[in-house]
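Residue numbers (this note's numbering): 864 to 935.
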């Protein structure tokens with residue numbers, strides 16, 4: 864059997880915008896006070912790590928920038 868790599872269902876632009884939106888919201892002070900913050904932070908970090916392995920270099924670069932911003 865041959866397995867083909869699954870094609871992403873979103874465009875490169877969508878993936879970049881999703882990363883940027885999540886990053887912007889996860890660093891917002893209002894979200895840091897939420898009781899759900901730890902859970903959301905974990906999900907965001909998982910997404911950024913997943914996007915850092917994207918086939919598109921632009922998506923990888925934005926994901927890396929988001930990781931750095933959230934860690935700082």
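Backbone N, C-alpha and C define an ideal beta-carbon position, used for all residues, glycine too.
Does the beta-carbon distance from residue 878 to residue 917 come in below 9 Å?
Taking 9 Å as the Cβ cut-off, residue 878 and residue 917 qualify as a contacting pair.
Apart from the five residues just before and just after residue 900, which ones in its own chain have a Cβ nearer than 7 Å to its Cβ?
894.
When you compare only the Cα positions, how much space is there between residue 873 and residue 909?
Approximately 18 Å, taken between the alpha carbons.
Between the alpha carbons of residue 921 and residue 931, how many angstroms are there, rounded?
Residue 921 and residue 931: Cα-Cα distance of roughly 15 Å.
Where residue 913 and residue 934 are concerned, what is the direct C-alpha to C-alpha distance, given to the nearest angstrom?
So the two alpha carbons sit approximately 16 Å from each other.
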